[in-house]
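J.:
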Amino acid sequence: DKFMPTKNPQKKLKIASCKTPTGLENMGLTCYANVILQVFHFVPELWNKISSVSASPLLKSLYLVLKLLSSTKAPINPRVFIAALASHISKVKNATFKPNKEHDVPEVLEYILNELTLFSVTPINLFTSHLHVSYQCLKCLQGSTCEDVSNIIKLSIVNSILHAVREFLAEEKLSYADL
Numbered sequence: 029d030k031f032m033p034t035k036n037p038q039k040k041l042k043i044a045s046c047k048t049p050t051g052l053e054n055m056g057l058t059c060y061a062n063v064i065l066q067v068f069h070f071v072p073e074l075w076n077k078i079s080s081v082s083a084s085p086l087l088k089s090l091y092l093v094l095k096l097l098s099s100t101k102a103p104i105n106p107r108v109f110i111a112a113l114a115s116h117i118s119k120v121k122n123a124t125f126k127p128n129k130e131h132d133v134p135e136v137l138e139y140i141l142n143e144l145t146l147f148s149v150t151p152i153n154l155f156t157s158h159l160h161v162s163y164q165c166l167k168c169l170q171g172s173t174c175e176d177v178s179n180i181i182k183l184s185i186v187n188s189i190l191h192a193v194r195e196f197l198a199e200e201k202l203s204y205a206d207l
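Residue numbers (our numbering): 29 to 207.
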């Protein structure tokens, strides 16, 4: 079996593997934050310059969690980031934001992107799309219309794609002690 220890424990084993992102500890109903962190992890153009500016507590905690995601294999507890996020959103909304409740990813992401834009950490080209949808009942022929508003980030993703492919194809070296 190729995963059994070798007869020579000094010999390093080379196993090609996918460098999957480090996991985030589940803090209960914080999936919205975990999704945002995992996506940001794979788009370093959005966050890798945060440390070079005097950023807000939200951006500093975002940067620290993302640095940990990039540098460790152990699960990350996003508690500090989620607390900073809750504090920031509460201040902006002038109402208490409860982090351990269900939240929409686009709604929460908008607060983070606005903060990134405010601090001009990285040039972010945001544009808003408005999608108008009309419905008509086939029985009574009564219609209704709604509008779906989305913020879209325009990025040059070539570097992000290359980075993700390199991470995926990178060879990982394990020693006997790692098994």
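Positions of the beta carbon are idealized from the N, C-alpha and C atoms, including for glycine.
Small disclaimer: the values here were computed from a predicted structure and weren't measured.
1) Going by the CB atoms, is the gap between H160 and E143 shorter than 8 Å?
2) Please report the distance separating the alpha-carbon of L52 from that of H131.
3) Please report the distance separating the alpha-carbon of F196 from that of Q66.
4) Can you tell me whether DSSP reads S135 as helix, strand or coil?
5) Quick one: Cα of I189 to Cα of L74, how far?
6) Let's test the definition: count the other Cβ atoms within 10 Å of the Cβ of H158 and tell me whether it reaches 16, buried, or not, exposed.
7) If we ignore side chains and look at the alpha-carbon of each, how far apart do I110 and C168 end up?
8) Identify the residues that DSSP records as bridge partners of Q164: which are they?
9) Per DSSP, which one or two residues make a beta bridge with L52?
T.: The structure says:
1) The Cβ atoms of E143 and H160 lie no closer than 8 Å to each other.
2) 17 Å
3) 15 Å
4) For the record, residue 135 in the displayed sequence is Glu; it is not Ser. DSSP places E135 in the helix class (H, G or I) of the three-state scheme.
5) 14 Å
6) exposed
7) 47 Å
8) G171
9) I104
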